[in-house]
Structure formats: structure tokens, C-alpha cells
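A short worksheet on the structure shown next.
Number of protein chains: 2
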Amino acid sequence: MEARRDVFQAIADPTRRAIIGMIAQQPVNVNTIAEKFDVSRQAISLHLKILAECGLLNIQQQGRERYCEARLDKLNEVHEWVAQYHKLWTGRLAALKQFVEQVELQPTSKKKNKPNHKSKK
Amino acid sequence: MEARRDVFQAIADPTRRAIIGMIAQQPVNVNTIAEKFDVSRQAISLHLKILAECGLLNIQQQGRERYCEARLDKLNEVHEWVAQYHKLWTGRLAALKQFVEQVELQPTSKKKNKPNHKSKK
DNA sequence: TATATACGCAAGTATTTGCTTGCGCAAATT
DNA sequence: AATTTGCGCAAGCAAATACTTGCGTATATA
Chain A
14 MEARRDVFQA IADPTRRAII GMIAQQPVNV NTIAEKFDVS RQAISLHLKI LAECGLLNIQ
74 QQGRERYCEA RLDKLNEVHE WVAQYHKLWT GRLAALKQFV EQVELQPTSK KKNKPNHKSK
134 K
Chain B
14 MEARRDVFQA IADPTRRAII GMIAQQPVNV NTIAEKFDVS RQAISLHLKI LAECGLLNIQ
74 QQGRERYCEA RLDKLNEVHE WVAQYHKLWT GRLAALKQFV EQVELQPTSK KKNKPNHKSK
134 K
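Just so you know, the protein sequences line up as chains A and B, in that order.
For what it's worth, the working numbering labels the leading residue of the first sequence as 14, then goes sequentially.
For what it's worth, the working numbering labels the leading residue of the second sequence as 14, then goes sequentially.
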């Protein structure tokens, strides 16, 4: 146990993503977070621990309460990983669009019957 | 088994991320992929199955070979999820930077020496 | 046609999750 | 001082992972 613990792994769980969303704007204490879910406080506590272990979360003790603060910048690893592919696939879409437009403009096209020609808006 | 199967879950595994990287540019067949890793072909096959199940992968049979083609646009869900927080945290950084600069420009400031002021290009 | 190749389909196992319940302790509240 | 509240620690458990090995089956190739 306690094996791999990286950001990708951390955000794989929907509950943990929800937690991040909940504390993205301002720190929230453990019990307040736990109340929003229908699992036990311990379960949430464990999720928080996992998030904290990979740096996505800071915990500040305040009296008997513990406030969880999101460290969104730690999502950068994910952002960069996805962004490279995002560029790739949007680039392809752009190229495809351009290609289609170019073909449509060809005056040499044989196809004269195009009953339902989908026009671009 | 066969429970949750979403994109976040799929990319949580480093092997699967590596597979995506391997086929992002052009389709590759199963055995070629498997050879790059030091786990069994079956293990890779299962990873491919998982990727295919959540749409990140298309498989085209060609003779006895199966070519795996990446569907990068299916990463959009992840991209959007991260992007919202990316905006948040970069926005905060920008605000912080602006704040610091503003403070530095205060005429009441005692600090007159700013040798390496980083100018924006 | 015999054989090698490119897979898929289990079955079996060790580890890792995700969750629960019970206990304990320190900081607020009464 | 007694009680409530906030939360960690730990044991226990079902389910999911990530692999492996063995077997079966098309499709190429010799």
C-alpha cells in the first residue's frame, strides 16, 4: 500500500475532483467538506490525505479545525500533458477544415448533384 | 471488475499515458506497442482495451494485425477540467505579480534600487 | 500444406482501492 | 469540570487493478 501517488492518480477519482472543486476558491475545513458527500468522514479524510500527499492540497490547522487549501498550480503537470495533445488534435481539425473548404471551392469538381449540400454558416 | 471507466481513470496509469504518446502521431499495431514495454503482451492488450473502452483509442483490423489509433479529442474532458483551474491559478499569479509591481512603484517606497527589473516583451 | 505470427480469451494471484466502524485525543463550549 | 465537536489512527473487508501463464484461432509465409 501507499505506492504510486502522483497527480494523475489523484484526480482519477471523481470524489477527489469534487473536493478540489469545492476548495478551489477558498479553504474549507475537513468536516464541512465531508458533509457534502454521502460517504463517511473517514473516507473523505483519506481522500484529503491522498490529495495532500501529491501536493494538491495544503492543510492549515486552526484550533481544532483543519482548513484545506487547494494548490491548483500542482495541476500544471496534467495541464501540460494534455495541452500537447490538445494542440495536436485542434491542429488537425483546423487542417481538415481548411482542406474541406479548399475542396469545396474547386471549380473542377464533377459532382453537380448535391441535393443536401450543407452550407456553412 | 469492469467498473468505472472514464478518461481520467484511463490516463491515471503511466503505461497508458505512454501508449497514448506512442500512437499520437500515427496508428501502431498491438505487438509493436507491446515490444516497447517490459510487461507481457497481454498486459498491454488489457491497457489497450481500457483505452478503447473510454474512446481514447480506435482499433482497425488489417489482416491479422490491429492498428491502434489515438482519438486525442477524447482528452477534451480532461483539458476542460484542468483549464478552468489553470485560468484560476494563473489569474492569481498575474494578480500577485501586478500587486508586487504596484508596490514597487509606490513613490513612498524606500526601495530605490531595482537593478534587474524584468520588462515585459 | 505445415508453420510462424498476431492477436484474443480466460483463469489465477498479489496489490491497491475505497469505504466502514470503533477508539482516542485535544480544542471549544456549557 | 463535564461535554461536545473536529479529526486522526487503525483494523477489517469487498472490489478493482495490474500482471502472468496457458490455450485457441485466424492470417500470413515458407
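Every residue, glycine too, gets a C-beta built ideally from N, C-alpha and C.
Distance from the Cα of R29/B is smallest, within the candidate group A96/B, W102/B and S58/B, for S58/B. Chain-ordered listing is empty here: chain A has no CB closer than 7 angstroms to the CB of D51/B, the nearest sitting near 17 angstroms. Scanning chain A for C-beta atoms nearer than 9 angstroms to the C-beta of F112/B yields nothing, as the closest lies near 17 angstroms away.
Following the DSSP letters along the chain, one finds L70/A inside the beta strand (DSSP E) bounded by residues L70 to Q75.
For I72/B against A23/B, the beta-carbon gap comes to about 15 angstroms, at or over 8 angstroms, which does not count as contact. DSSP places V41/B within a strand segment (E or B) once states are collapsed to three. Taking C-alpha positions only, V52/B is separated from W102/B by approximately 38 angstroms.
Looking only at C67/B, L85/B and L61/B, the smallest Cα-Cα distance to R79/B is reached by L61/B. For the set A65/B, C81/B and A37/B, the Cα lying nearest the Cα of K100/A is the one of A37/B. Annotation: F50/B to E93/A spans about 24 angstroms, alpha carbon to alpha carbon. Under the 9 angstroms criterion on CB atoms, Y80/A is classed as non-interfacial with respect to chain B. With contacts defined by Cβ atoms closer than 9 angstroms, V43/B and C67/B do not form a contacting pair. Here the alpha carbons of R18/A and A25/B stand approximately 10 angstroms from one another. Taking C-beta atoms as the reference points, V41/A and K87/A fail to come closer than 9 angstroms.
Taking a beta-carbon distance threshold of 9 angstroms, N71/B does not count as an interface residue toward chain A. Counting C-beta atoms within 10 angstroms of its own C-beta, L69/B has 16 or more neighbours from the protein chains shown and is therefore classed as buried. A83/B carries a strand assignment under DSSP once its states are collapsed to helix, strand and coil. Counting of Cβ neighbours within 10 angstroms places V116/B among the exposed residues, the total staying below 16. Shortest Cα-Cα distance from L106/B to any of T45/A, K110/A, E114/A and R84/A involves R84/A. Listed along chain B, the residues sitting closer than 7 angstroms to V95/A by beta-carbon distance are L88, V91, H92 and V95.
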